[in-house]
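Below: one structure, written as structure tokens.
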Amino acid sequence: MEICRRIDVCPKLASLRSINRALAELIRSEQSYSSQIAEIIRHDPSLTARLLRMVNSVYYGLSTKVNSIEEAVFYLELRQIRELSMATPVIEELEKIKGNSTKLPWKDLWKHSIGTAIMTRELLSNTNVYVDDDTDYIIGLLHNIGKVVMAQAFPEEFNRVVATPLPDTASICQMERELIGWDHARIGGYYLERHKLAPEITHAVYFHNDPEKAQQHAFFAAAVQVADHLVRQAGIPGGFEVVDPISEDDWMRLPGWTILFGTGERETQIARAAVSSSLSRLPELLRGLV
């Protein structure tokens with residue numbers, strides 16, 4: 006099949022198979038020390054820069070500038086360091102495979118991807134779903150990887166989609182299917198399957214625009230769908246397409262919201278309050294990350 010052949014020749018992402026294993030293991034260890042974590046981070050200039058930008062952002066409100074990795078590790082939660090250690094190598098590799106569409110605002114896509122990862126984790130933490138690893142963060146981080154693959158494997162079709170004003174995500178996917186045969190979600194899901202990632206990750210990416218079709222992985226796909234809309238409503242675009250703005254609280258009318266929180270008024274109000282609080286801080290946090 007021509008679609009599969011083109012995707013198959015796209016470069017593989019080594020970071021998806023081994024996302025900073027040494028750092029991840031050390032952070033999870035009960036005997037980890039700030040100095041040990043700082044020593045591993047010091048060997049990665051890109052991760053070091055992101056870490057210092059993050060801790061010095063207005064989000065943390067520190068009165069004096071932090072210049073050392075040890076100090077930064079002291080101020081940040083281990084979870085946030087682990088999230089940075091996952092996002093940094095993935096984004097660096099995606100930069101290399103995005104094709105020749107260098108004039109597009111790729112930085113906005115990376116910012117949106119990290120924001121969606123943060124909000125996916127936040128949404129699932131407010132449900133009864135227990136996640137004991139980083140699946141919740143990874144599915145948000147990778148949900149639009151199909152757009153990057155599309156830019157590499159189908160550059161002409163990709164540029165046509167980007168140049169066409171469309172009302173919403175469903176219309177974008179429809180145009181992608183008309184031009185290529187698959188939309189970016191299916192392309193991304195297939196690409197991640199080729200990396201032999203777990204089904205909960207590949208299915209969440211594959212069905213993040215149609216979470217009700219994700220079967221046993223519907224909660225993960227639903228969280229990504231809602232997180233994607235939340236981040237875009239916060240003013241962080243989800244790609245390069247020209248689409249209509251999202252209305253306030255639109256995300257509460259998504260199928261994903263109902264899957265996560267049902268239709269009960271009390272549950273909806275509690276979830277909305279928790280999500281809104283996190284969302285209000287998101288733009289400032291991302292400003293220090295990307």
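To convert a position in the sequence shown, counted from 1, into this note's numbering, add 5. Even glycine gets a Cβ: it sits at the ideal position worked out from N, Cα and C. These numbers were taken from a predicted model, which means no experiment stands behind them.
Among the options, the one whose alpha carbon lies nearest that of residue i
i    : options                : result
D249 : I46, Q238, E270        : Q238
W115 : A92, N131, D137        : A92
A226 : E44, I264, G269, Q157  : I264
A3   : E100, D254, R191       : In this structure the chain extends from 6 to 295, so residue 3 is not present and cannot be described.
L291 : T174, H222, L89        : L89
N149 : P110, H189, G267, Q157 : H189
E75  : E100, S62, I42         : I42
N214 : V167, P260, E162, P204 : P260
L83  : L109, S176, L56, E289  : L56
N133 : E289, G267, E162       : G267
A228 : M257, S73, I241, L202  : M257
V280 : R58, I185, N131, T207  : N131
E18  : N164, L202, D137       : Looking at the sequence itself, residue 18 is Leu, so the reference to Glu does not match. The shortest Cα separation from L18 among N164, L202, D137 belongs to L202.
E100 : P16, V236, A232, E272  : P16
F163 : N61, Q220, L52, L109   : L109
A276 : A232, F245, S62, D113  : A232
D113 : F245, E289, I251, A223 : F245
L129 : E198, K218, A223       : A223
Extent of the continuous alpha helix (DSSP H) to which residue i belongs
i    : result
N164 : 160-167
Q221 : It is not in any alpha helix (DSSP H) - Q221 carries neither H nor E in the DSSP assignment.
S130 : 111-130
D13  : 7-13
E289 : 270-292
F79  : 74-80
L265 : 260-266
E253 : Unbroken run through E253: none, as it is neither H nor E.
T93  : 83-102
T140 : 140-147
H200 : Per DSSP, H200 belongs to no alpha helix (DSSP H) and is neither H nor E.
Buried versus exposed call for residue i [16 or more other C-beta atoms within 10 Å across all chains shown]
i    : result
P172 : exposed
C178 : buried
Q230 : buried
V14  : exposed
P216 : buried
R126 : buried
L67  : exposed
T169 : exposed
G243 : buried
Q157 : buried
E205 : buried
A175 : exposed
E181 : buried
M6   : exposed
I24  : Annotation note: pLDDT 46 at I24 (below 50); position unreliable, no value reported.
Y135 : exposed
G145 : buried
R87  : buried
A54  : exposed
T69  : exposed
R10  : exposed
V210 : buried
Bridge partner(s) assigned by DSSP for residue i
i    : result
V248 : L171
Are three or more beta carbon pairs between the region 136-156 and the region 274-286 nearer than 8 Å? Pairwise C-beta distances place the region 136-156 out of contact with the region 274-286, as fewer than three of them are shorter than 8 Å.
With a cut-off of 8 Å, do at least 3 Cβ pairs link the region 84-101 to the region 114-134? yes
Sufficient close CB pairs (3 or more, under 8 Å) joining the region 145-157 to the region 185-195: yes
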